[in-house]
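For reference, the structure discussed in these notes is given below.
There are 2 protein chains.
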Amino acid sequence: MPEFAQPQFPRPLQAPDASCGHAVRFSEPLALDSGHTLDGFTIAYQTYGALNRARSNAVLVCHALSGDQFAAGVHPVTGRVGWWPLVVGSGRPIDTGKYFVICTNVIGGCMGSTGPADINPATGRPFALDFPVVTIRDMVRAQGRLLDVLKIERLLCVTGGSMGGMQALQWLASYPERVRSAMPLATSARHTAQNIALHEVGRQAIMADPDWRGGRYQEQGVSPKRGLAIARMMGHISYLSETALAQKFGRALQEREAVSYGFGPDFQVESYLHHQGSSFVERFDPNSYLYITRAMDYFDLAAEYGGDLRVPFDKTRARLLCVSFTSDWLFPTSENRVIAEAAAAAGCPVEFREIESKRGHDAFLLEEPELFAAVSRFLDSVAAE
Amino acid sequence: MPEFAQPQFPRPLQAPDASCGHAVRFSEPLALDSGHTLDGFTIAYQTYGALNRARSNAVLVCHALSGDQFAAGVHPVTGRVGWWPLVVGSGRPIDTGKYFVICTNVIGGCMGSTGPADINPATGRPFALDFPVVTIRDMVRAQGRLLDVLKIERLLCVTGGSMGGMQALQWLASYPERVRSAMPLATSARHTAQNIALHEVGRQAIMADPDWRGGRYQEQGVSPKRGLAIARMMGHISYLSETALAQKFGRALQEREAVSYGFGPDFQVESYLHHQGSSFVERFDPNSYLYITRAMDYFDLAAEYGGDLRVPFDKTRARLLCVSFTSDWLFPTSENRVIAEAAAAAGCPVEFREIESKRGHDAFLLEEPELFAAVSRFLDSVAAE
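Protein sequence lines correspond, in order, to chains S and X. Counting the first sequence from 1 gives a position; our numbering is that position plus 1040. Counting the second sequence from 1 gives a position; our numbering is that position plus 1040.
Written out as structure tokens, the structure reads:
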């Protein structure tokens, strides 16, 4: 029987207040796409707002690569605000005054859900690379089990950006009758060659760090922080557009009048990346970074349907709001349009919006009034049906 | 007095045939933009074709970040073809039947010109990070000294793509009367924030490699090959367009029927990057990679003229052919157009061409008939004047 529990927060970090957040421990096994099985697993999750009597106002919010279950409010580990406070909250586009928001840490993650930093019951040691590679569908399968426990039969909506959008799409294919609507944002039905390439360089940086120790750094009291920071720096370049970087930093120097003729961070953009890298390693497990990037690389929604992207939408009648941003070069409009067209061809009512923004991929996380209005209107309209 | 010499080929590599190529050793110092001075220096160079009696048919070809003086023919160290065989050669757009092509290894480089792997005469040890940071202008200054020795007063043309284009632009500003024409290709008058960011991540990968040893790897018999390979992998992503990666690799798997559910190179694009990384480290010095990327980051042609890009073109009457490629996101059309407009505003006759190509930044190195025709026509027209 699944048991409610306190989430165990990530190694090396601990939550200052162990009472925050929820977790469910499942003793029944979870079969994975790889053919492996997790004998038991934990899903850590957070909820916002209240479930109504009809249990019909639940919105599942799915996080991206570096996110976790703390979409809103103060993050108990970092002490900073969650990752989607502009969208999830009271009076926000996903209004917690109306909707019951659930956000889970994905399996493979490092914020309380089962991942490579957990103890492998078969050995008594951390899994490290003995953890099975998981897929987006595995993540969704685990979320489905959580919704069973929470007695939510049908979601009003499932949404997320980037990898969160992949999960939203997978929900439509895996559980077509459990979803009334979906909002996949700034995402793709399959990771492109460029996406895979960027991830592979990040993984190589982690695995090249001598403190990675073949993945067994935890037991040896070290951590491949420099490698993970490099991966994160590279990620950040891809999350911003060239225009955003030019407007935000240009060639401005960091606290100096002239270049140093050296290899320190002369330019503001260098300092920014260093900061992004060094703050990330304080909250994220390097092996989780390997596993989650791999899950994204493997994502190809149409692959098991002979490459026909209409088929995974065949069994659902969910409404979709698909959103892309003009300057997002990681998950460009073309990739999002493909989703909208396939779902429409399969008979789903689809609204597709390309939003003019200079902010690149990160736009889905930022102040984008057109996104907010579209999300709010869409949800209200689905709820009113 | 400058002396002609044999170039010393890079550590750890040696040319199989030490008689190939040329070098000039300068005993007179070279003053650098940093305020430092090189007490003496060597320029390794290659020539193709013959100088005419009037000494008026010389074309200086400038290499990009990872290039060297071997633009055409067989590279004596790698045994492979040079970097621009489609453009430089007999009957090629820069026709060595008509023109005398000179290509120098930049200072800071590692193919025989003075760089961080050379012995510092002050210490008897390799310079490593004691080598002064050099700029694009320093590179051009050293080239100017070589042309003095070769008794070439005036170039028919100076050209190059990427960093080679930066050198071509710098020639117009540094030696306005020594240049009859210039072809800056797929380049920029200043490195953008995104360009700097990409370089910084590459440098961090090199410096994070434990075999970097604070830059003193040579003396310790090691080399930060993994770090340099990661930097190179990242570079290659930026040299190709998303479309080129999709067309070349897509999600095709590498010698397997299905994904491995592991962290090896499942996808062809991963294998490609691994190959690019591992072959590069056999021919390139990691510290040179730091120095040359830094020179590019520092490049900002207008900076010393109060930000007015017309001024550096004020003293030259050179004709320009500026070329960009539609899918080049590293040095996009917008950056190249700025150059063309500024030069035109300063009174230079300018031809600007944006060439439709799906190949990204690398297009300037590849089979691009429109480029070839434009280069050929431009050079012939300048020569006929």
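We put the CB at the ideal spot given by N, CA and C, even for glycine.
If you measure between the beta carbons of S/V1363 and S/L1195, is that distance less than 7 Å?
No, the Cβ-Cβ distance between S/V1363 and S/L1195 is not below 7 Å.
Between S/S1300 and the rest of its own chain, which residues show a CB-CB distance below 6 Å, the 5 nearest in sequence each way excluded?
Here S/S1300 has D1306 as same chain residues with Cβ atoms under 6 Å from its own Cβ, once five neighbours each way along the sequence are excluded.
Leaving aside the five residues before and after X/T1175 along the sequence, list all residues of the same chain whose C-beta is less than 8 Å from its C-beta, in chain order.
Counting only residues of its own chain and dropping the five nearest sequence neighbours on each side, X/T1175 has a CB closer than 8 Å to the CB of L1072, D1073, S1074, A1335, Y1338, F1339.
How would you list, in chain order, the residues of chain X whose beta-carbon sits under 7 Å from the beta-carbon of S/S1074?
Chain X residues near S/S1074: Y1301.
Assign X/A1298 to buried or exposed, taking buried as 16 or more other Cβ atoms, counted over all protein chains shown, within 10 Å of its Cβ.
It counts as exposed.
Short-range partners of chain S found in the stretch 1079-1091 of chain X, where Cβ spacing is below 9 Å:
Answer in chain order: no residues at all.
Report the three-state DSSP secondary structure of S/A1403 (helix, strand or coil).
Correct three-state label for S/A1403: helix.
Would you call the stretch 1183-1191 of chain X and the stretch 1384-1392 of chain X in contact, with 3 or more CB pairs under 8 Å?
The stretch 1183-1191 of chain X is not in contact with the stretch 1384-1392 of chain X.
So if DSSP puts X/C1150 in a beta bridge, which residue, or which two residues, is it bridged to?
Per DSSP, none; premise fails for X/C1150.
Within 10 angstroms of its Cβ, does S/T1077 collect 16 or more other Cβ (buried), or is it exposed?
Counting Cβ neighbours within 10 Å, S/T1077 comes out exposed, since fewer than 16 surround it.
Tell me which residues share the same chain as S/M1203 and place their Cβ nearer than 6 Å to its Cβ, disregarding the 5 neighbours each side in the sequence.
A1104, L1105, M1336.
Does chain S have any CB closer than 7 Å to the CB of X/M1273?
X/M1273 counts as touching chain S.
Is there at least one Cβ from chain S nearer than 7 Å to X/A1071's Cβ?
Not an interface residue.
Collapsed DSSP secondary structure at X/S1421 in the structure displayed:
Note: X/S1421 maps to helix in three-state DSSP.
I want to see whether chain S comes within less than 7 Å of X/Y1338, judged by CB atoms only; does it?
Answer yes: the Cβ-Cβ gap between X/Y1338 and chain S drops below 7 Å somewhere.
Limits of the beta strand (DSSP E) - the one that S/T1087 falls within:
DSSP places S/T1087 in the uninterrupted beta strand (DSSP E) bounded by 1081-1088.
In the DSSP assignment, what are the bridge partners of X/R1230?
Beta-bridge pairing links X/R1230 to X/D1340.
Look up S/M1041 in the DSSP assignment and say whether it is helix, strand or coil.
Here S/M1041 sits in coil by DSSP.
Of the residues X/Y1088, X/N1092, X/D1170, the one placed nearest X/D1135, counting alpha carbons only:
Minimum Cα distance to X/D1135 is reached at X/Y1088.
In chain X, what lies closer than 8 Å to S/L1313 by C-beta?
By Cβ distance, chain X contributes A1237, E1240, V1241.
Is there a Cβ from chain S that is less than 7 Å from the Cβ of X/F1167?
So no, X/F1167 is outside the interface.
Who are the near neighbours of X/P1409 in its chain, counting only those whose CB is closer than 7 Å to its CB and skipping five residues on each side?
The beta carbon of X/P1409 sits closer than 7 Å to no other beta carbon from its chain once the five residues preceding and following it are set aside.
Can you find a C-beta in chain S that's less than 7 Å from the C-beta of X/E1310?
Yes, contact with chain S.
Could you check whether the Cβ of S/A1213 sits closer than 7 Å to any Cβ belonging to chain X?
Chain X, which has no Cβ nearer than 7 Å to the Cβ of S/A1213, makes this no.
For S/T1373, the first and last residue of its enclosing alpha helix (DSSP H)
DSSP places S/T1373 in the uninterrupted alpha helix (DSSP H) bounded by 1373-1385.
Give the range of the alpha helix (DSSP H) segment to which X/S1319 is assigned.
Segment 1308-1320, the alpha helix (DSSP H) holding X/S1319.
Under 9 Å Cβ-Cβ, which residues of chain X neighbour S/F1289?
For S/F1289, the chain X residues whose Cβ falls inside 9 Å of its Cβ are A1233, I1236, A1237, in order along the chain.
Please name the residue or residues paired with S/P1166 in a DSSP beta bridge.
Within the DSSP secondary-structure output, S/P1166 pairs in a beta bridge with S/I1159.
For the stretch 1213-1223 of chain S against the stretch 1105-1114 of chain S, do three or more pairs of beta-carbon atoms, one drawn from each stretch, fall closer than 8 Å, so that the two count as touching?
They do not touch, by the three-pair rule.
Less than 7 Å between the C-beta atoms of S/T1232 and X/A1286, yes or no?
Taking 7 Å as the Cβ cut-off, S/T1232 and X/A1286 qualify as a contacting pair.
If we count Cβ pairs, one from each stretch, closer than 8 Å, do we get three or more for the stretch 1401-1418 of chain S versus the stretch 1364-1380 of chain S?
By the Cβ rule, the stretch 1401-1418 of chain S counts as touching the stretch 1364-1380 of chain S, because three or more pairs are nearer than 8 Å.
Closer than 7 Å by C-beta to X/S1281: which residues in its own chain qualify, once you throw out the five before and the five after it? Chain order, please.
The beta carbon of X/S1281 sits closer than 7 Å to those of S1367, W1369, K1398, R1399, G1400, all from its chain and outside the five residues before and after it, given in chain order.
At a CB-CB cut-off below 8 Å, which residues of chain S make contact with X/G1267?
Those within 8 Å of X/G1267 in chain S are A1248.
Answer with buried or exposed for S/D1108, where buried requires no fewer than 16 other C-beta atoms within 10 angstroms of its C-beta.
Buried, because 16 or more other Cβ atoms sit within 10 Å of the Cβ of S/D1108.
Give the DSSP-derived three-state secondary structure of S/V1415 in the structure shown.
Secondary structure of S/V1415 (DSSP, three-state): helix.
Spatial neighbours of X/A1245 within its chain, please: CB distance less than 7 Å, with the 5 preceding and 5 following residues excluded, ordered by chain position.
Around X/A1245: G1267, I1270, A1271.
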